[in-house]
Every structure is written in C-alpha cells, then in structure tokens.
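Protein chains in written order, with this note's numbering: chain A, 8 to 341; chain B, 19 to 610. For reference, the structure is listed below as structure tokens.
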C-alpha cells in the first residue's frame with residue numbers, strides 16, 4: 008500500500024509537471040501578448056517593455072517557468088526592484104486582470120465548487136446507483152422502464168434548460184426556496200449558516216445531479232443485470248443465502264467497481280469547476296473563474312486553474328485505485 | 019475588458035481608452051427601437067448634436083441623505099488604486115473614494131465643466147491653476163484642512179507622491195499616463211521605489227499647499243488633465259504598492275469598509291471628509307453595497323422586476339443594464355429609465371495605406387447605409403448617427419458637413435468612382451466574439467457590393483485586434499474603431515486619432531486610418547500646445563478636423579454611443595454621466 012502510494016505520488020508530480028509545461032508553453036508561446044493588450048493609447052515599444060517588467064514577462068521563458076514552479080512549492084519574490092514582495096506558496100502569481108493573487112481567487116472560489124460538486128455527487132450517487140440497482144433487479148418491469156426513461160430524459164436535457172426551469176418554477180413561481188437572484192449563495196460559515204447554504208445550493212445540486220444521475224442509473228442497471236446473471240450469484244442463492252445478502256454483498260459489490268472509477272473521474276473533473284451550473288446560479292466557483300479568466304485572457308488564472316483541475320483529476324484517480332482494493336478483493340495495491 | 023474586457027467598464031480589460039471605446043461598441047447588447055423614443059433617423063446627422071433621448075436626468079431634485087445603494091456588477095473591478103484606476107466602472111466608484119486636484123462637473127445633459135476639487139481656484143479667467151506665459155508651468159494651490167480617512171492631513175506632498183508613483187511604470191501597468199508622458203523628466207525618474215533617493219523634480223511643493231508642475235511643452239488643458247486619478251493624494255506611509263488596489267486610503271466622502279474581491283465591496287461614509295470643502299459631491303447615500311459576479315442577464319431581469327432590495331439597485335456595467343431580450347419589458351419601467359450620450363463615438367476607419375484614393379474612401383462612405391449600421395450595432399437604444407468622429411459634448415464641437423445620406427447614397431458613390439481605380443475586393447476586419455461588429459461587416463458587404471466591390475470579412479482575435487489594425491499596411495481595409503475622450507476638448511481627441519507620433523514623421527499609434535500629412539501634422543501639434551484663448555483653439559481644431567474628414571475621408575463616423583440605464587424605483591437623481599457613460603454615482607440619492 009505504502010509503495011503504491013509513493014509510486015502514484017511520484018507519478019502525480021510528474022504528470023503535473025508535464026501539464027504545467029504544456030500549459031505554460033501554450034499560453035506563453037501563443038499569439039496572445041498581455042503586455043500589448045495592456046498598453047493603451049500611448050503604446051510604444053518602451054511602454055510595452057515596462058509592462059513586461061511589471062508582469063514579469065521580461066525574463067527568458069525558462070526562467071519564468073522555473074520561478075513559477077518554485078513559487079508553487081516554496082513561494083517566490085515578485086515585482087521589480089524597489090517594489091519586491093513575497094508571494095507565499097502555493098504562489099500562482101497575480102491576475103493580469105484585477106491584480107488579485109490568483110491563489111486568493113482560487114481559495115475564494117473553491118468552497119463554492121466543493122459545495123456544488125460534493126452535494127451533487129451525493130445526490131446522483133444515491134439516486135443514480137439506487138434506481139440503477141432497483142431497475143437492474145426488476146428488469147423489464149414498470150419500475151425499470153420508468154427509471155431508464157427518466158434517466159434518458161435527464162441525460163438528454165441540457166444543464167441551462169434544467170437550471171433555468173428549476174429557478175423559474177421553484178424559486179420564482181412556487182417560491183419554495185429563496186431566490187438568491189444572482190447573488191453568491193451563502194456558505195455554511197456565512198451569516199445564514201448551514202440552513203441558508205443548504206437552501207441556496209439545493210437547486211444547483213439537483214441541476215448538476217440530474218445529468219450525472221442519468222448516466223449512473225444506466226450504468227448501474229447494466230452492471231447489476233450482468234452481475235446478477237453470474238454463476239457465483241446463482242451459487243450463493245442456491246446455498247440459501249438471503250436475497251438481500253446476495254444482492255448487496257455479492258451482486259452490488261461487484262457491479263459497483265466500474266462505477267467507482269467513473270465516479271472518481273467525474274468528481275475530480277467537477278472539482279475543477281462546473282462552468283454551466285456555476286454560471287446559471289451565479290456561483291463564484293472555479294468554473295466561473297475559469298470562464299472569466301479565458302474571456303479576459305488572464306493567463307496566470309488560466310494556468311493555475313488548468314493545473315488545479317489536473318491536480319483534482321489525478322488525485323481522484325489515485326483515490327479510485329485505492330477504493331478498488333476496498334470494493335474488489337481481487338485487486339491488490341502492491 | 020470587459021471589458022472587460024468590460025458599456026465600457028464591463029468590457030474594458032485594458033486601460034486604453036481607445037480599447038475601451040472600441041470594445042464597448044461590440045459589448046453592448048442589441049436593442050430595438052420603440053421602448054425609448056428613438057432619435058429621428060435624420061435629425062442627429064443633420065443637427066450634429068446629441069440625439070433626443072428623453073430627459074437627461076430623472077427623478078431629480080432629491081436631497082435627502084441616507085440609505086444604501088445596491089450596485090450589481092458582473093465582475094471584479096480592475097483597479098481601485100488611483101494610479102491605475104482608468105476604466106469607467108471603477109472610475110465611477112473611485113470618484114466617491116478619492117478627490118483629485120480638479121474634477122468634472124458632468125451633470126447629465128450638460129456639457130462637462132472642470133471645477134476645482136482639492137485645488138483652490140487661483141488662475142486667471144476660467145483657469146483653476148496658474149499657468150506661466152507659455153503654459154509649460156502650472157501652479158496649483160490646494161485647500162487647507164483636508165483629511166484622509168484616518169484623520170491625517172492631506173498636503174501637496176501626498177499628491178506629488180501619487181504622481182511619483184505614476185512614474186513607476188514597471189510596477190503599475192495600467193492607468194492614465196498623461197502626466198508621465200508630458201512632465202519634464204530630466205533625471206530619468208522611475209518612481210519612488212527603484213531609487214527612493216531620487217526626486218521627481220518637475221513637480222515641486224514649495225509649501226505644503228502648493229504644487230508646481232513643469233511640462234515639456236505648453237499644456238492648455240492642464241486643468242482637465244489634473245482631473246485624472248493620478249492627482250489623488252496617497253499617503254506615502256500607507257502605500258502598499260501593488261496591494262494598494264485593495265486598500266486605497268480615502269480622501270473623498272466614502273471609504274472602503276469591506277472588500278472581498280470578486281464578491282463584495284462596501285463603501286461607508288468617511289468621517290473625516292468635510293462636505294463644506296467639497297461642493298462637487300452631494301454624497302447623499304450613507305453607503306454603497308457593490309455585489310460582484312452577477313450575470314448580465316440576471317442584472318437586467320432584477321432591475322426590471324424591481325423587487326425588494328433591488329428597488330435600491332442599479333448597475334454600473336453598461337453591458338448589464340439592459341439585455342436585448344428585455345427591451346420589450348421596459349414599457350412598464352419608463353419612469354426608471356434614462357438614456358444619454360457619453361464620451362464615445364465609433365467610426366469605421368479606412369486604412370489609407372491600402373485604400374489610397376480619398377475619392378474612393380469618400381465613395382465608400384457615401385455607400386454605407388448608416389441607419390442600417392446603427393441597427394447592426396444593436397439599435398437606436400444604444401447609438402445614433404453622428405455627424406463627426408468627435409463626440410457632440412466636446413467643448414467647441416462643430417458638426418462636419420459630411421453630406422452623407424443616412425440610408426446610403428449609391429448613385430452619388432458611383433458618380434464619384436467614375437474614372438477611378440477601384441479595388442475589386444477589400445477586407446473588413448472585425449473583432450472576434452463581437453457579433454455586432456460582424457453584423458456591421460455584413461452591412462458593408464451588402465452596400466459595397468452595389469459598387470461592384472467584394473468585401474471579404476475577416477475575423478481578428480479580440481486581444482490582437484488593435485495590434486492588427488496598427489500593422490502597416492496590414493490585412494484590413496476597413497474596421498470599426500472609436501474614441502472616448504478623457505476630457506472634452508478637441509486637443510484630447512484630434513491629435514491621437516488623426517495626428518502624428520512623437521517623431522512627427524508618421525501616424526500615431528491610435529491613428530488607425532494611418533492618416534499622415536506633414537502639413538496637418540504640424541498644425542495639429544501646434545494647436546495641441548497653443549496658448550491662445552480656448553474658444554479660438556477649439557474653433558481652429560474643429561475646422562481642421564472637419565476639413566480632414568471631408569477632404570481626406572480617413573473614416574466614416576458611424577455611431578455616437580448612447581447608454582441606456584435602468585434603476586430601481588427608490589433611486590433618485592439618475593442620469594448618464596458624460597464622462598463615465600454610466601449612472602452618475604456621485605449625484606444619486608436613495609430612499610432609505
């Protein structure tokens with residue numbers, strides 16, 4: 008187990024370095040010129056040179072990259088002589104757009120994204136896996152057809168349609184939940200406390216979960232049908248084990264293994280930001296931060312968010328590998 | 019650049035006004051005529067004035083102090099450090115936080131007038147500062163007894179210090195740069211950080227209440243130049259350099275009481291601001307609560323719905339005020355709606371190094387259906403047909419006798435092209451992601467086809483749009499550009515858009531038509547530094563600009579930008595600031 012973790016940790020670092028090189032290269036060698044973009048009406052080559060110093064773009068590319076990576080792990084000194092300042096680790100630099108430290112912007116956005124992703128994940132796991140199991144165990148029956156039908160509907164509806172419809176009905180027409188009307192929803196530690204947080208996030212959770220639940224229903228159903236047809240299930244049933252034990256201990260445990268993989272990747276991806284849902288509900292999470300950064304050509308933010316998203320996906324993969332060993336006795340981590 | 023890029027503020031990702039201006043045209047949302055009386059199609063072009071847009075100020079006369087104004091914006095402010103604050107939404111807020119040597123009284127519907135702010139009017143005639151004979155040296159006396167938010171005294175040294183910060187060009191990448199560009203800098207001063215022992219010798223403070231500015235050339239517009247935020251006082255002891263953006267020390271009626279970037283900015287009263295020293299700022303509300311990160315469509319819908327706290331709300335993102343799909347809903351909100359002109363005019367530039375014959379350029383201008391162009395640029399709610407590339411609220415404005423028909427004049431264009439070498443095919447460049455500009459390109463394509471000219475429409479990445487226009491000769495024959503003045507004089511507009519660069523040998527960087535004529539270059543430069551009476555200079559500038567426009571045709575004036583604004587029902591004194599193109603936060607009041 009320890010060996011496995013060390014191996015994967017080293018791989019994680021390697022992958023992040025690779026991603027950082029590619030991303031850094033794409034954005035710094037590309038056609039975009041942040042200094043020229045900021046240059047304004049009195050733009051002269053001298054002025055562009057000054058802005059490059061202000062942005063730290065005057066140094067060779069390799070030096071820029073080295074300093075960036077050094078900042079990530081140990082912090083770094085930034086700014087021109089006389090106006091040097093320390094950017095503590097993990098230092099992602101400052102935004103070209105609004106001068107904020109990128110790490111501060113990420114820290115602000117992260118609670119919204121984590122709230123959204125984990126809440127939605129819980130819902131889609133419960134509903135998706137639950138209805139998938141029920142459908143799989145009742146193949147061909149009404150409940151199966153209903154589950155699959157609703158799942159198909161969910162997967163085919165775009166997020167904006169689900170989100171806006173829910174807002175219109177639940178918030179505006181029926182007024183079942185408070186209409187935050189575009190303001191950032193409360194977090195658990197904000198003045199409204201966990202109750203306000205729960206109410207504010209309920210619709211975003213269901214919106215996001217609707218899409219994922221559909222896939223999980225279908226996936227779980229298919230796996231359950233396949234697993235329940237296996238010889239060892241028949242043997243277990245023939246031995247007189249209760250149906251509940253056969254289903255949950257032997258059937259579901261085997262059927263859920265591929266779902267763990269998908270779940271890890273989905274959750275890892277979502278922690279990098281769920282752009283559409285965040286936009287619809289004005290959630291100032293990582294997805295919205297990413298979209299704004301791209302719109303504004305804010306390279307430090309883009310670079311940081313790509314690295315951040317990659318980090319989540321890679322970590323999710325490691326966790327999935329560990330969980331494999333837990334749910335599937337055939338897998339060993341050595 | 020919003021906008022941002024940021025109208026202007028929302029898209030002004032860059033600090034450049036030209037960038038701001040041009041981005042803004044494409045960021046504005048479409049509208050249809052009818053909800054607000056559109057200007058008669060011929061009136062604006064024939065009169066040359068600002069089109070009729072209804073009352074300039076609504077629900078005015080409110081003088082009650084108190085209440086909180088809720089401001090809804092879609093993005094974080096670029097900068098609140100006065101040395102970098104140069105775009106309209108943060109500028110509108112900045113005016114509440116800090117005072118400057120001079121300030122514009124830009125009462126909606128009236129021509130902006132420069133007034134003394136921190137300064138005391140000491141100069142002769144209309145001048146606030148005291149100029150020397152050739153206007154290279156300007157002396158400003160400042161008020162005594164002014165205080166920062168912490169109670170410490172504001173002195174000339176604090177203003178000089180912020181001007182010195184302006185010279186730290188390697189630290190501050192954004193902001194207006196006029197003083198840095200125009201003051202004498204004989205000792206290569208590079209700001210207070212790199213070499214703290216050096217001094218900006220061109221700004222002297224002979225006593226704590228006097229500032230003397232030494233310019234390299236005569237500056238007749240110095241009073242207006244001093245209204246930009248680089249003359250806001252910054253206490254040296256509180257200068258946190260790059261972090262000053264988030265904690266600027268207040269010298270104005272409001273100070274920052276809470277700031278979470280990307281989320282919320284709250285302004286409360288500055289207890290050490292004295293209304294008696296500041297007749298330019300009514301400061302009616304007790305506080306401003308600015309919520310960031312709200313989608314434009316949501317802002318628009320909330321303002322129309324006018325529910326709860328939104329009755330005290332408004333937006334200072336032009337792109338958030340009214341969404342195209344919501345225009346039809348404005349009928350029920352007429353008493354909360356106002357529209358007005360700002361400092362921007364947009365024009366299609368002809369690349370003179372590609373379309374070299376002035377008659378051909380003139381013929382193309384004749385062919386353009388400018389009425390349809392207004393529709394392409396989101397409709398009459400957002401702009402009217404201008405009679406000049408200069409905004410009508412500029413001092414000494416005179417409409418150019420363009421002789422263009424609003425719907426185009428193909429016969430006249432064809433007649434002008436008789437015997438001329440006309441290009442068979444030209445390229446129209448538009449900024450990628452700006453659908454209005456693409457719609458305008460299609461209009462050009464349609465109109466020039468009638469002259470037998472094929473227009474190829476080329477998409478240019480937004481972040482390299484102006485760089486592409488500056489390339490010589492470059493790939494583009496025609497494109498949309500614009501200019502928003504920093505102060506309303508001809509000298510702030512004509513030199514950059516038609517004048518030469520510092521060498522006097524070629525066009526300046528914002529002269530996207532690449533118009534250059536050695537004779538007019540000298541005339542423009544001379545007028546920009548002329549010490550004659552302002553009215554005389556204005557007259558000469560207007561005559562020269564109109565002459566260049568109607569003989570050389572470097573561009574065709576296309577859209578005088580309008581700025582529709584919708585506010586909550588409890589907001590009073592609402593009008594479009596001629597400077598910011600936004601609801602003027604300085605004058606508004608709110609019912610508690």
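C-beta: ideal position from N, C-alpha, C; glycine also. Quick caveat, the model's predicted, so the values are computed rather than measured.
- Your pair residue 588(B) and residue 329(B) checks out as a contact, with CB atoms roughly 5 Å apart and the cut at 8 Å.
- Of all C-beta pairs linking the stretch 181-194 of chain B to the stretch 93-103 of chain B, three or more are shorter than 8 Å, placing the two stretches in contact.
- At least one beta carbon of chain A lies nearer than 8 Å to the beta carbon of residue 311(B).
- Burial is judged here by how many other beta carbons sit within 10 angstroms of a residue's own beta carbon; residue 251(A) has fewer than 16 and is exposed.
- Just so you know, the alpha carbons of residue 462(B) and residue 448(B) end up roughly 12 Å apart.
- In the three-state DSSP reduction, residue 131(A) falls in the helix class (H, G or I).
- Interface residue (Cβ-Cβ distance to chain A less than 8 Å): residue 94(B) is classified as such.
- DSSP places residue 97(B) outside any beta strand (DSSP E), giving it a letter other than H or E.
- Counting along the chain, the unbroken beta strand (DSSP E) around residue 133(B) starts and ends at 131-134.
- Residue 494(B) sits close to residue 369(B), with the two beta carbons spaced by under 8 Å.
- In this structure, residue 142(B) sits away from residue 549(B), with a CB-CB distance that is not shorter than 8 Å.
- For the stretch 277-293 of chain B, the set of residues with a beta-carbon nearer than 9 Å to any beta-carbon of chain A comprises 278, 279, 280, 281, 282, in chain order.
- The Cβ atoms of residue 573(B) and residue 509(B) do not sit closer than 8 Å to each other.
- Chain-ordered, the chain A residues with CB closer than 8 Å to the CB of residue 190(B) read 61.
- The beta carbon of residue 329(A) lies closer than 6 Å to none in the same chain, with the five residues before and after it left out.
- Boundaries of the alpha helix (DSSP H) harbouring residue 327(A): 306-334, taken from the DSSP string.
- Counted as a single uninterrupted DSSP element, the beta strand (DSSP E) harbouring residue 88(B) occupies residues 86-90.
- Selection 180(A), 109(A), 8(A) evaluated against residue 79(A) yields 109(A) as nearest (Cα-Cα).
- Taken atom to atom, the span from the alpha-carbon of residue 299(A) to that of residue 222(B) is near 43 Å.
- Per DSSP, the unbroken beta strand (DSSP E) holding residue 158(B) starts and ends at 155-160.
- Nearest to residue 281(B) by C-alpha distance, out of 269(A), 273(A), 296(A), is 296(A).
- Considering only 322(B), 152(B), 132(B), the residue with the shortest C-alpha distance to residue 144(B) is 132(B).
- Across the structure, residue 149(B) and residue 168(B) are spaced so that their CA atoms are roughly 33 Å apart.
- Apart from sequence neighbours up to five positions away, the residues of its chain that approach residue 413(B) with a beta-carbon distance below 8 Å are 129, 506, 507, 508, 552, 556, ordered along the chain.
- Within the same chain, Cβ atoms closer than 8 Å to the Cβ of residue 335(A) are found at 260, 261, 264, the five residues on either side in sequence being excluded.
- A straight line joining the alpha-carbon of residue 534(B) with that of residue 101(A) spans about 40 Å.
- The alpha-carbon of residue 442(B) is positioned some 59 Å away from that of residue 300(B).
- The stretch 134-150 of chain A and the stretch 219-227 of chain A touch, with no fewer than 3 CB-CB distances between them shorter than 8 Å.
- Residue range 106-115 is occupied by the alpha helix (DSSP H) that includes residue 112(B), with no beta strand (DSSP E) assigned at that position.
- Under the three-state reduction of DSSP output, residue 549(B) falls in the coil class, being neither helix nor strand.
- Residues 407, 499, 500, 573, 574, 575, 576 of the same chain have their beta carbon placed closer than 7 Å to that of residue 365(B), with the five preceding and five following residues left out of the count.
- Residues of the stretch 207-221 of chain B whose Cβ lies closer than 9 Å to any Cβ of chain A, in chain order: 208, 209, 210, 211, 212, 213, 214.
- Cβ-Cβ separation between residue 305(B) and residue 286(B): approximately 5 Å, consistent with a contact (criterion under 8 Å).
- Annotated as distal: residue 332(B) and residue 112(B), with beta-carbon spacing of 8 Å or more.
- The beta-carbon distance between residue 591(B) and residue 218(B), rounded to whole angstroms, is 39 Å. This is too long to meet the 8 Å contact definition.
- Residue 522(B) has a beta carbon lying at 8 Å or more from every beta carbon in chain A.
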